[in-house]
Structures are given as C-alpha cells and as structure tokens.
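Numbering (this note's numbering), first residue to last: 28 to 706.
Following this line, the structure appears as structure tokens:
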C-alpha cells in the first residue's frame with residue numbers, strides 16, 4: 028500500500044507533458060515515489076531492534092584477612108609463603124581466562140598486589156567482608172572466593188551462620204597449637220561511678236601452660252600502681268577471676284589499667300593488659316515523676332529513666348501518698364497543671380525551688396494555667412480538637428544530637444494526639460521536634476525547650492508517647508533505645524549547669540575508640556549570648572605524657588565538626604582559645620579514647636571455622652603449601668564465561684538522519700524543477 032501510494036502520487040504529478048527531458052522526468056518521479064512511499068511507511072511506526080552481546084569472564088576474589096592477629100601470630104615464613112602463593116595463583120588464574128580481584132577487611136581499600144597488603148586492621152569481621160563481596164558481585168559471574176584467614180572473629184557475627192551464594196576456598200594461616208600464655212580476655216565494671224563510692228573492677232585471667240602457679244595482677248593509673256594481687260591459677264582450668272575495689276575520686280573521666288606481670292616462657296605479652304574507662308559523677312540526679320492521674324505514659328517514662336544509673340526516681344500521684352519533702356534536680360509533670368487544681372502542691376514546690384520542669388500536656392491539662400508558667404511556649408486551643416502527629420526533627424536544633432537510626436525509628440512511630448491549636452514560641456525557646464501530620468511536615472512544635480537559664484523548662488505536647496516506646500520495643504527486640512535516649516537527653520539538658528560561656532568546645536561523643544574519627548563541636552556567642560559564626564578557634568590537645576597537638580578551625584553555620592582523625596588510646600585534656608568581640612575566651616575539658624585490643628586477645632587460630640565455611644559451600648580447606656592444588660581445583664570446576672545479551676528497540680521515526688535524508692530528497696526535487704523551468 029505504501030508503494031502504491033508512492034506510485035500513484037508520482038504518476039499523478041509527472042504523467043503530464045513536462046518542459047524537461049523524459050529521463051529527467053523519470054528521475055523526478057522516482058524521487059517523489061521514494062519520499063511518499065517512505066513517509067507512508069513511517070506512519071506504520073516501524074522500529075529497529077538491536078541485540079548487543081557482551082562476554083564476562085569468571086571472577087575469583089582473593090579475600091584476605093588483613094587483621095593484626097594474622098600478622099602477629101602467623102610465623103613469618105608461612106606469611107611470606109602465603110603472599111607469594113597468592114601472587115602466583117593470581118597470575119595462573121589470569122592466564123586461564125579468569126579475572127582476579129583482591130578484597131580485604133577494609134571495603135574501601137583495593138590493593139593491587141597480594142604482597143602489598145599490610146596486616147594492621149584492629150578487628151576481624153569475616154561475615155562483613157564476605158557479605159560485601161556477595162552484594163558487590165550480585166548478578167555477576169563470580170566463580171568463587173579464596174579466603175585467607177586465621178579464622179579468628181572478634182567483630183560482627185560468625186560467618187558460619189550466614190548463607191553465601193558462591194564457593195569459598197579457605198586458606199588457613201595462623202597457628203592452632205596451644206601456647207603458654209597469660210591474658211585478660213574480659214574486664215567487668217560499671218562505666219559510671221559516683222564520687223566517694225567504692226566500685227568493683229572484676230578481671231578474668233586466662234592462662235594456658237601456667238596451671239598450678241600464681242600470677243601477679245596490678246591495677247594502675249597513669250603508670251602508678253594502685254593495688255597488687257597474687258592470684259592462684261588452679262590446674263585443670265583455663266580461667267580465674269579476681270576483683271579490685273576502687274574508691275571513686277572527684278568527678279572526672281578516669282582510665283585505669285589492669286596488668287598481668289609477664290612470666291618467663293610466655294608466647295606474647297600483648298594481651299597482658301587491658302584498660303578500664305570510668306566516668307565519675309557527683310551523684311545521682313533526683314527525678315520527680317508526678318502525674319495528674321494514672322496513665323500509660325508514666326510507666327513508659329519510668330522505664331526509660333530507670334535505664335540510666337545516674338537518676339534516682341520518685342513517682343507521685345495526688346491523693347495516693349504524700350509528696351516527699353526533698354530537693355529534686357528535675358521534675359516531670361504529666362498533665363500538670365491539671366483542671367480542677369489537681370497536683371497544685373507539686374507545682375508550688377517546683378515554682379518555689381525553681382526546679383527544672385518537663386511538662387507533658389494531655390486532655391487533663393489546664394492550658395490557661397500552663398500558659399502562665401513562662402515555659403517559652405503558649406498555645407490557644409481551637410475547641411477540643413486534636414491532631415494525630417508523629418515526631419520529625421528540627422534541623423536547626425543543636426542543643427543535643429539525634430542519631431540517624433533514631434530518626435528512622437521516629438518515622439515508624441504511630442500517630443499520637445496533640446492539641447489542635449495556635450502555637451507561639453517566646454524568646455529563647457526552641458523546638459527540638461516538629462509535628463508531622465500524615466506525610467506533611469509542619470513547623471508546629473512537638474518538643475520545646477524554653478524557660479530562663481535559672482529555671483529551665485521543656486514541654487512535650489502529647490500524652491501518647493507511651494505508644495512510641497511500645498512500638499519501638501516490639502519492632503527492635505525489646506530495645507526502645509531511641510525513645511529512652513530522647514527522654515534521658517531531655518532530662519540531662521534540663522539539669523546541666525546554665526552555660527555562661529561564650530566559647531563552648533566539646534567532644535561530640537562521651538568516648539571514642541582508637542578506630543574512630545575523633546570529632547569536636549564548637550559554639551561561639553557574642554556579649555548578649557547570641558550565636559555567632561566564622562570565629563577562629565585554636566584547640567590544644569594534651570595526652571597523658573604531656574605531649575601537645577594543636578589544631579585550628581573556624582566555626583560555621585552548618586555546625587560542621589572538627590575532625591581530628593584516629594587517636595591513640597588514653598585520657599586527653601583539651602584547651603580551646605578564641606577572641607570574641609576583642610575579648611579572649613577559653614574552654615577546657617577532657618577527651619576519652621578507648622583502646623581496643625581485640626586482635627591481641629586470642630593467639631590460637633580457628634581453622635575449624637574455615638573448614639565449615641568451605642564444606643558448606645561445596646569446597647575444602649587448603650594450607651599455604653597447597654596453592655598449586657587450589658589452582659588446579661578451581662580450573663577443574665570448569666567455570667565458563669557468561670554471555671549477556673541486551674535488546675535495544677528504537678522507533679525508526681526517531682532516527683534524526685532520516686529527517687535530513689527526506690529533506691535532501693525533497694530539496695533535490697524542488698531545486699531540479701526550479702532549475703529546469705518549473706515551479
């Protein structure tokens with residue numbers, strides 16, 4: 028039909044007598060025939076199908092456990108034999124058509140050669156390394172993984188409990204023979220102690236080859252011996268415990284060292300010491316939890332507070348028992364002030380003693396009385412209506428931080444009722460959480476901090492937060508950490524001393540480990556305590572040997588922290604200096620970096636774990652002298668390249684060059700007709 032249309036159009040146009048020659052007439056008719064026929068053909072929406080094929084060679088990943096234990100406890104000749112064998116295996120497999128890639132415990136590191144690997148990683152997570160490989164090669168032609176390890180796992184879960192979709196060819200290094208050794212596998216202690224109290228430090232002593240003798244165990248601080256004990260090591264056992272009782276000094280962060288005096292014949296002394304990190308506080312903070320009536324919120328709040336040993340909780344309900352006459356550090360007032368004047372005696376005590384207060388509003392709250400308290404928030408309700416809301420972070424809030432995991436958990440909380448009202452924040456008040464109604468994130472406050480520096484106050488605008496704790500506990504193995512942390516941090520912020528400092532520099536965590544990036548936050552204020560930015564701060568860090576490190580940074584409005592990188596373990600003192608408004612300011616504090624000695628604790632390789640991994644994947648266990656056999660077994664498995672094909676379909680009408688071809692044909696016909704004396 029397309030050809031017929033083209034023939035008809037050409038015949039109709041060029042059948043009449045023309046002022047040019049017959050050959051030229053036939054040529055012009057042919058051009059018109061081609062153009063019309065092809066345009067009709069395009070109306071049928073033809074397409075072009077292109078099939079592209081690619082070939083992917085089988086890949087073998089050399090997964091090398093580059094932890095410290097491999098370097099420390101594998102004999103040097105065996106380790107050299109292993110790295111040499113890996114290099115030869117890599118060259119052999121590449122010659123047989125395999126792709127070979129190297130992966131270590133650090134997923135961001137990609138060493139080019141096995142002999143360039145340094146065995147310095149501070150922890151071993153074999154499951155994490157194998158899972159990363161499984162994710163990275165999902166859908167690809169992964170022939171197998173050659174796992175070089177001593178089988179010692181001290182981080183993450185054991186890989187024998189995971190399922191991997193590739194063969195694992197394990198190469199065992201390390202030494203499985205028992206060695207004469209003394210070690211400190213575990214120290215048990217409370218991380219928080221109260222000044223003046225005695226607290227225990229229980230040390231578990233491991234011993235191999237020293238049964239029937241004794242061990243000398245010391246407790247030290249900054250190199251000074253505090254206590255020494257002689258501990259009997261009964262024959263026939265491998266563990267013994269001893270306990271030190273320590274009197275907590277003045278409030279501060281303390282680092283103690285438990286040390287076993289080395290004995291002759293010990294295989295290694297790297298695991299003879301371990302550190303204890305204790306924060307000494309002035310004493311428990313007394314918390315008053317008062318409610319207008321029994322309520323599920325009270326139980327949820329009580330459970331959250333009791334998770335922290337720093338708080339001494341008193342619960343009070345009007346009319347059940349008299350209010351204890353004692354000094355409280357903070358009060359949680361649930362639906363107080365209440366309608367009908369319920370709980371007036373609690374409010375009177377809070378006002379008289381200027382106790383920091385955390386108000387939780389609900390249906391029984393007297394909102395008019397609440398507005399008169401000067402909390403920094405006032406609200407005008409609209410009848411008895413409520414909104415169903417979930418918490419969402421105020422990104423500008425910086426008085427304490429919210430973890431990403433906590434924000435993810437907040438998003439799963441069920442809606443809780445809040446008063447449908449007009450909200451007004453006073454001077455100095457700040458919302459930590461906003462209300463989210465359905466999927467709409469509003470600027471209406473949900474958790475507000477306000478009051479004066481002499482009388483700090485906070486307000487939570489819902490009495491349905493008990494549902495949040497219950498839901499989080501159900502979803503996360505009875506660990507409602509995000510809810511509990513929110514309540515604890517709210518109380519800590521209310522009870523901390525009023526900040527009169529214009530320069531406030533602080534570590535972003537209570538404690539870091541030697542593998543963490545140590546970070547500091549900083550806040551600078553002008554003479555009337557308004558936040559200012561762009562101020563240069565000099566930070567001096569002093570370790571326990573009085574060695575100084577100096578850093579300089581500038582505050583910014585995005586609250587970017589100062590990154591110091593990883594630091595050696597120990598207790599550091601820091602001093603920060605800045606000039607604000609022409610006046611010198613300074614701040615001081617302490618930084619705790621905890622040492623992780625995971626790799627030195629166990630010198631005995633676990634080849635049984637490697638054997639189980641290989642057997643479950645249909646392979647076997649090899650040793651460094653068997654790399655040639657390993658290469659032959661991989662070749663015998665007869666892994667083949669995989670051919671992938673991809674179809675690509677394009678409509679012909681979308682090909683740009685066809686437009687220009689049709690335009691050229693029409694232009695040629697038109698120009699020829701014009702040149703030959705026709706229009």
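Heads up, the beta-carbon is just placed ideally off N, CA and C, and yes, glycines get one too.
Contact between the region 273–281 and the region 305–325 is present, with at least three C-beta pairs closer than 8 Å.
Between residue 91 and residue 160, the beta carbon gap of about 12 Å keeps them out of contact (Cβ cut-off 8 Å).
Residue 486 and residue 475 do touch by the CB rule: their CB atoms are close to 5 Å apart, below 8 Å. Restricting attention to beta strand (DSSP E) runs no shorter than 3 residues, the region 356–388 encloses them at 357–361 and 384–387, ordered along the chain. Residue pairing by DSSP puts residue 592 in a beta bridge opposite 545. By the Cβ test, the region 180–190 is in contact with the region 147–166, since at least three Cβ pairs between them sit closer than 8 Å. Close CB contacts of residue 437 within its chain, under the 6 Å cut and outside five residues either way in sequence, are with 418 (chain order).
Between residue 200 and residue 109 a beta carbon distance of about 6 Å is seen, short of the 8 Å cut, so the two are scored as contacting. Counting C-beta atoms within 10 angstroms of its own C-beta, residue 347 has fewer than 16 neighbours from the protein chains shown and is therefore classed as exposed.
A Cβ-Cβ contact shorter than 7 Å links residue 648 with residue 197.
Approximately 5 Å separates the beta-carbon atoms of residue 625 and residue 150; this is inside 8 Å, confirming the contact.
By the criterion of a C-beta distance shorter than 7 Å, residue 455 is surrounded in its chain by 403 and 477, once the five residues flanking it on both sides are discounted. Secondary structure at residue 647: coil, using DSSP grouped into helix, strand and coil. In summary, residue 179 is buried, with 16 or more beta-carbon neighbours lying within 10 Å of its beta-carbon over all protein chains present.
Within the same chain, and ignoring the five residues on either side of residue 258 in sequence, the residues whose Cβ sits closer than 7 Å to its Cβ are 232, 241, 242, 244, 267 and 269. Within its own chain, the residues whose Cβ lies closer than 6 Å to the Cβ of residue 116, once the five positions on either side in sequence are excluded, are 654 and 658, listed in chain order. The three-state secondary structure of residue 675, taken from DSSP, is strand. The C-alpha of residue 203 is placed about 25 Å away from the C-alpha of residue 114.
Closest in C-alpha terms to residue 387, from the list 371, 445, 413 and 352, comes 445. Assignment of beta strand (DSSP E) within the region 258–345, counting only whole runs of 3 or more residues, yields 266–274, 279–287, 300–308, 312–318 and 338–343 in chain order. In the DSSP annotation of this structure, the continuous segment of the beta strand (DSSP E) that includes residue 479 starts and ends at 467–479. Nearest in C-alpha terms to residue 362, of all of 381, 491, 636 and 532, is 491. Here residue 569 is near residue 600, since their CB atoms are less than 7 Å apart.
When DSSP states are grouped into helix, strand and coil, residue 74 belongs to the strand group. Membership of residue 485 in the beta strand (DSSP E) is indicated by the continuous run 482–487. When the five nearest sequence neighbours on each side are left out, the beta carbons in the same chain lying within less than 8 Å of the beta carbon of residue 696 are those of 55, 58, 59 and 62, in order along the chain. Cβ contact annotation for residue 207 (same chain, cutoff 7 Å, sequence separation greater than five): 235, 236, 237, 292, 293 and 294, in chain order.
Per DSSP, residue 249 is not a residue of any alpha helix (DSSP H), being assigned neither H nor E. Residue pairing by DSSP places residue 233 opposite 210 and 266 in a beta bridge.
With respect to residue 544, residue 592 sits close: the two C-beta atoms are nearer than 7 Å.
For residue 573, the secondary structure class from DSSP, reduced to helix, strand or coil, is coil.
The way I'd put it, the region 74–93 doesn't touch the region 685–703; fewer than three beta-carbon pairs between them come closer than 8 Å. Nearest to residue 381 by alpha-carbon distance, out of 616, 541, 43 and 357, is 357. Contact between the region 677–688 and the region 35–49 is absent, with fewer than three C-beta pairs closer than 8 Å. Secondary structure note for residue 176: its beta strand (DSSP E) is the uninterrupted segment 169–176.
Assigned with DSSP and collapsed to three states, residue 96 falls in helix.
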